[in-house]
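Chemist:
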Amino acid sequence: MTDTRFNPLAADSRWQKVWDDRQTFRADDNSPRPRSYVLEMFPYPSGRIHIGHVRNYTMGDVLARFRRMTGHEVLHPMGWDAFGMPAENAAMEKGVHPSGWTHDNIASMKAQLKRLGFALDWTREFATCDPEYYGHEQALFLEMFEGGLVYRKESAVNWDPVDMTVLANEQVIDGKGWRSGAEVEKRKLSQWFLKITDFADELIEGLGALDGWPEKVRMMQENWIGKSQGLTFRFKLNGPVQDIDTIEVFSTRPDTIFGASFCAIAADHPLALQLAQENADIAAFAVDCRRTGTAAADIETQEKKGFDTGLTVAHPLDADWHLPVFVANFVLMDYGTGAVFGVPAHDQRDLDFARKYMLPVTRVVAQEGEGEAAIHDEAYTGPGQIINSRFLDGMGVGAAKQTVIDRAEAEGWGTGSTIYRLRDWGVSRQRYWGTPIPIVHCQQCGAVPVPKDQLPVKLPEDVTFDVPGNPLERHETWKHVDCPKCGQAATRETDTLDTFINSSWYFLRFASQPDDKPFDKDVLAKWMPVAQYIGGIEHAILHLLYARFWTRALKSLGKVDVVEPFASLFTQGMVTHQTFQYGDGSWLSPDQVQKNGIDWVAVSDGSPVTAGRVEKMSKSKKNVVDPDEIVDQYGADAVRWFMLSDSPPERDLPWSEAGIEGSWRFVQRLWRLFGQIDANATGEDNAVDRKLHQTLHGVAEDIEALSFNKAVAKIYELVNLVEKSPASASRNAAIKALVQIVAPMTPHLAEEAWAKFGHNGLVADAPWPDIDKSLLIEDQVTIAVQVKGKLRDTINVAKGMHREQLEKLALASEKVQRSIDGAEVRKVIVVPDRLVNVVI
RNA sequence: GCGGACGUGGCGAAAUGGUAGACGCAGCAGACUUAAAAUCUGCUAUCCAACUGGGUGUGCGGGUUCGAGUCCCGCCGUCCGCACCA
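All letters in the first sequence, in the order written, are residues 33 to 872 by this note's numbering.
(1) Are the CB atoms of F602 and L676 within a distance shorter than 8 Å?
(2) Which complete beta strand (DSSP E) runs does the stretch 812 to 856 hold, if anything under 3 residues is left out?
(3) Which residue or residues does DSSP assign as beta-bridge partners of A566?
(4) Which ranges does the beta strand (DSSP E) cover as unbroken runs of at least 3 residues, wholly within the stretch 612 to 693, from first to last along the chain?
(5) With DSSP as the reference, please indicate the residues paired to R219 in a beta bridge.
(6) At 4 residues or longer, and completely inside the stretch 397 to 455: list those alpha helix (DSSP H) runs for me, N to C.
(7) Report yes or no: do the stretch 335 to 343 and the stretch 380 to 399 share at least 3 C-beta pairs separated by less than 8 Å?
(8) Do I909 and N88 have their C-beta atoms closer together than 8 Å?
(9) Buried or exposed: where does F542 fall if 16 or more other Cβ atoms within 10 Å of its Cβ makes it buried?
(10) Are the beta-carbon atoms belonging to V641 and Q610 less than 8 Å from one another?
(11) Evaluate the contact criterion for the stretch 185 to 199 versus the stretch 211 to 223: three or more CB pairs, one atom per stretch, below 8 Å.
(12) Could you tell me whether the Cβ atoms of L702 and V751 are closer together than 8 Å?
(13) Identify every run of the beta strand (DSSP E) within the stretch 45 to 116, keeping only runs that are complete inside it and at least 3 residues long; order them along the chain.
(14) Short check: CB of K484 to CB of L174, under 8 Å?
(15) Starting from V198, follow the beta strand (DSSP E) in both directions and report where the run begins and ends.
(16) DSSP state of H512, grouped into three classes?
(17) Would you report the Cα separation of L145 and E280, rounded to the nearest angstrom?
(18) Which of helix, strand or coil does DSSP assign to H129?
(19) Cα separation between Q261 and R453?
(20) How long is the line joining the alpha carbons of A431 and G271, rounded to whole angstroms?
(21) Tell me which same chain residues have a C-beta within less than 7 Å of the C-beta of R25, skipping the five on either side of it?
(22) With three or more beta-carbon pairs closer than 8 Å as the criterion, would you say the stretch 727 to 742 touches the stretch 820 to 828?
(23) With a threshold of 16 other CB atoms inside 10 Å of the CB of S806, please say whether the residue is buried or exposed.
(24) Sort L235, A316, A346 by Cα distance to A360 and report the nearest one.
(25) Leaving out five residues on either side along the sequence, give the residues of the same chain with a beta carbon under 7 Å from the beta carbon of E27.
(26) Near A328, what residues of its chain come up, given a Cβ to Cβ distance below 8 Å and the 5 sequence neighbours on each side ignored?
(27) Using DSSP with H/G/I as helix, E/B as strand and the rest coil, what is N270?
(28) Going by alpha carbons, who is nearest to R704 out of K648, Q665, K768, P659?
(29) In this structure, what does DSSP give as the bridge partners for A521?
(30) Thinking C-beta only, is L867 closer than 8 Å to A816?
(31) Please state whether DSSP places V499 in a helix, a strand or coil.
(32) Taking P503 and T496 to be in contact with their CB atoms under 8 Å, please state how far apart those CB atoms are, rounded to whole angstroms.
(33) Using 8 Å as the Cβ pair cut-off and three pairs as the minimum, do the stretch 757 to 774 and the stretch 117 to 127 touch?
(34) On the DSSP letters alone, give me the boundaries of the alpha helix (DSSP H) that T583 sits inside.
(35) Starting from K859 and walking both ways along the beta strand (DSSP E), at which residues does that stretch end?
(36) Using a 10 Å radius around the Cβ and a threshold of 16 neighbouring Cβ atoms, would you call V771 buried or exposed?
Next up, the structure:
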């Protein structure tokens, strides 16, 4: 080898073309090898790949390439989550068509991805905006419709006034739209819903088996679904209001039912609405309640307020016991039944409320140690013995709950029930750039599904975005059709599906994409579930919950055999970068500043600059780096190496100029080492042999555990040793094996070296070198010698030396003797092959 | 408020209860060079000591243990998620 420098500009594109031409990474459905489906979350085609994508896809790529080397048939696909608002915004701002804008972006982003040399099966690529994809999605939607999992209802929805569309609960964050950040309003609209709540229990249960998922994500989903068990029962109103004669309440603490001192209903409760019609004060109070924000800060400071309706209800266990009914600002209509009974002694909110309105506070749970002590400012929510509760007295909390539920059911005034925080998934969006909902509305027949043979319902292309709102609603020829059932004039549903539906099954379509149906169940069975899914933590609830639901829904319809789509999930950290600011607060990009002594100054005029926090890359803070530019400068392999180095993959990775320089130097260092095969060298070098096989073993384990930073460190250690070792047959072997070891990480460099070593095929098709297990065990070990737990000496001995001999050697140490200083040795702890601890 | 994660050099970080700081970055010194770049060699937690050596040290305070970054209890701090959830 005469080239002294590795030239990525030439090598990268050469090998990328070879992989393409040979379709090296095409996954074979019929391969006899064990299968492994490696998937990263597919990108939204916003226009440019960002560095976060590079990190995400590099991790997946290393695993995919490594699994190929260990004999797997790997499915590693890529596609485009191509529907969504930004395309319409671009259409409005720039007068382009969403389709053209999206496809242009896909083309340029695909070119960017190709430059990084990812081992992707591009033959399976699709965009969710392709009619071939969304047509099958429409078919699946109709399957669910027929299966009773879809319904339409008029409901108060979250309306984003900026995006002019409805949002699902999951898409409202702190009362604001997840995309636009606009304050969300409540509106009444007829919407399509998916019955995700039918699966609430399953979705919680299923989390238990997902041991390849981060605990954190499982916890977040469990909290989101929010299961509560308790009693639902009806209070009888003492005197009906119009046709309302009961108030239904839910409680997780039926054991405290004798501690009740009031009943509170939400401002939007049907009874409150009824009363508001006749009573202006109640109406005004309700308006006041609705105005209250739900943001964290508001709730902290919000005073518990109520309005005494003057009505009373009868206690279910004592008809003569009457409780006042309040409209209260802390009761929410969209949780439970929108009404509660208040037990001030054992619920802090109820206590605050009771103190304010001078309602009785009766302790009904005695606390161990405190007994029946009166409740002051703090409600008691812990366990204990029931008191002041007639037939419940003396029971524990759990037994009392069950007793009350049993009695309610026996007497017919209530039932044990489970409620969830999770709402059904509202999927209607008043947008153009999405999957058209394949329904026709007919005066005669109602909502009629479009017959399957008429799918896909394609989006019309002749639309304009010069007026706000949904162009489909204004499209006369598209909107007006004949009813598929009766043939009368009818109108199409003009709402489109939430784009999260697109990403709820794309992994199925990657695995199997026949023309005539969404997927083939038998082919799916070969690939699913996804062995390793990698993406950002920001999808912990939205996408990952929807995808789990959609898969379970398909399973319930007999369409798939898999229950959980993603066997293992990994959430990677962000790529961050230092920020810089002028005194006036404006941001500078890192290449616009330089260090002057210990201070930072602007390159342009030398004025002082403040070095700020290391933060997530964002255009507004000017701390972004463009993947294209750094690939131009350093080549794909150096960029990939940097993405894997130093930081554990679940943590944030601080981007630095010095870091990428270091990776570039290492790529060159490897290249030089690959040139150091000495054809005349002979003889074994035991240290090199051992290090090589320990590295083969360790790196394999680290890659499987996605601990890329540790794998990288082990490779450095091997390289450091091999470089320093004199020529030998062992050294030559190690250098050759190194090409395979780094192949998953720096594939272009590896192919180049592999070819120069005269191999016929590609290193991409080469196996992981065999590991000689006998070399994993050291024959010499270093024993730590401690005196009273403090290190005093180390001794090198043969592995497996007996306790007695180790003890003798340790005590013979001069340093040990000096440390003991004549004191009596009370005990000697010996851990063979590890240490000796002399206790005095 | 509830739930969770985390806290180790100048920085990113390693470490089945068994030699804390592997590996990388940055830095310092040196070699090569007319010079620079590139490359190579050595040093690099901290304090005392010229050296041998010794003390201290994984957010803080306790505990268990022959031995604790790791396990237990209590604080402090940072980050994340949820939140008037009945």
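Glycine included, each C-beta is placed from N, C-alpha and C at the ideal position.
These numbers were taken from a predicted model, which means no experiment stands behind them.
Modeler: The short version:
(1) no
(2) 812 to 819, 822 to 830
(3) What sits at residue 566 in the sequence shown is Ile, not Ala. Answer is E72, F602, bridged to I566.
(4) 625 to 628, 631 to 634, 640 to 648, 685 to 687
(5) V189
(6) 429 to 443
(7) yes
(8) Since the displayed the chain opens at 33 and closes at 872, residue 909 lies outside it and no answer follows.
(9) buried
(10) no
(11) yes
(12) yes
(13) 67 to 72, 105 to 107
(14) yes
(15) 197 to 199
(16) strand
(17) 57 Å
(18) coil
(19) 12 Å
(20) 34 Å
(21) Any answer about residue 25 is impossible in this case: the structure gives the chain only from 33 up to 872.
(22) no
(23) exposed
(24) A316
(25) Past the edges of the chain, shown from 33 to 872, lies residue 27, and the structure says nothing about it.
(26) Unreliable placement is indicated for A328, whose pLDDT of 42 sits below 50; the coordinate value is still reported in the next sentence. D206, listed in sequence order.
(27) strand
(28) K768
(29) D514
(30) yes
(31) coil
(32) 6 Å
(33) no
(34) 574 to 588
(35) 859 to 863
(36) buried
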